[in-house]
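Residue numbering for the sequence shown is -22 to -1, 1 to 252, as defined by mature numbering (1 follows the signal peptide of the UniProt record, and there is no 0).
Right, one structure below, let's go through it.
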Amino acid sequence: MRKLYIYFAVVFASLAMTSCFDDPGADSFIALNEVEFDAGNLPNGLTTTQTRTSATQTNEVQIQVNRVSTSASAAVTVEISVDPTSTAVSGVHYSLGTTSVTIPANTWTVNFPVTILTGNIDPSEAPVLKLLISSASGAEVSKAYGDLAINIRVVCPSAISTDTDVWTASTSTIYGNFTKDVTFKPLGNGLYVVSDISAGLYAAFGFDQTQEVVYGDNCGKITFVREGLNQFAISNPASGETVGAFDPATNTVTMYWADVPNGIVNAKTTLVKK
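If you want it as structure tokens, here you go:
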């Protein structure tokens, strides 16, 4: 009987203590109501690359604006301005047809159009357009994602290779000289992926035949863009030659790369179309 009494006493005390705590229900829910740039979370901003084909060419880029809220019952009008620190010049690098955009009721996103004046931009330029959400009717502006840098890039038309072309790759490193047939497939906007930048070096040591790297062609200048499918920390060389070239007369491409963890500081790979 004493044990049963103690049990009920403990249960009663537990219920009494529980009633002292606040109910973490709807009353404690934070009602968020903000607007933001969808790409505002990108650390280096949004990059748009256009292939220039004429001096009068323009391209429209859509910048997504989001509503971050618990309700979308009302429309929200978003005012957008240009940060004065932008290096892109209105009427030279870009134009804006409007400086406001409305997210309709029961809608969570809308696009803000930016016109890139591609024909005016030299491929050597790298203008940056910085947009700011200056205000919003019926919502707050996100402190974290209320600004966006748009990196405007223009490249020349590029037709170095096709999906079916085969190239002979050769390279020389501290591990010896290597030669191998590879592909150099186009990805669009002057980008190409080489199937094995090492020309068989890694395969000679038992690794995969595929060691991809993506390169960009900008008016005949070939630069490292990013890694593709590979097993090593292949990167752009930190020193020495970094910019290769395409010679249309000989159908030859030169590219530079590095694999610092394996002692390759600056390697040159040459492709010759077969």
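The beta carbon of each residue, even a glycine, is placed where N, CA and C say it ideally should be.
Three-state secondary structure assigned by DSSP to residue i
i	result
Pro239	helix
Ala17	helix
Asn98	helix
Leu110	strand
Thr248	strand
Tyr153	coil
Ile130	strand
Gln40	strand
Asn229	coil
Residue i - partner residues in DSSP beta bridges
i	result
Gly194	Leu169, Thr201
Asp125	Leu110
Trp145	Val160, Lys251
Ile175	Its beta-bridge partners do not exist; DSSP assigns none.
First and last residue of the uninterrupted beta strand (DSSP E) at residue i
i	result
Leu24	24 to 29
Leu207	Segment: none, Leu207 is in no beta strand (DSSP E) and carries neither H nor E.
Ala223	221 to 225
Ser78	78 to 81
Glu103	Element bounds for Glu103: n/a, residue is neither H nor E.
Proximity winner among the options, relative to residue i (alpha-carbon distances)
i	options	result
Leu10	Gln40, Arg45, Gly154	Arg45
Glu14	Ala114, Pro215, Gly97, Asn98	Ala114
Ile175	Gln40, Thr55, Asp186, Ala147	Ala147
Thr140	Ser47, Pro226, Ala17, Pro164	Pro164
Ala182	Arg204, Gly198, Tyr153, Ile200	Tyr153
Glu38	Ala50, Ile128, Thr80	Ile128
Thr247	Thr31, Leu169, Trp235	Trp235
Thr26	Asn167, Thr55, Asn208, Gly206	Asn167
Span of the alpha helix (DSSP H) around residue i
i	result
Ala137	Unbroken run through Ala137: none, as it is neither H nor E.
residue 254	For residue 254 there is no data in the structure shown, the boundaries of the chain being -22 and 252.
CB contact below 7 Å: residue i versus chain B
i	result
Gln40	No chain B is present in this structure, which holds just one protein chain.
Quiz item: Below 8 Å, can you find three or more Cβ-Cβ pairs linking the stretch 115 to 127 to the stretch 84 to 101?
Solution: no
Exercise. Taking 8 Å as the threshold, find out whether the stretch 158 to 173 comes into contact with the stretch 216 to 223 through three or more Cβ pairs.
Key: no
Self-check item: Cβ pair count under 8 Å reaching 3, the stretch 58 to 71 against the stretch 94 to 113
Solution: yes
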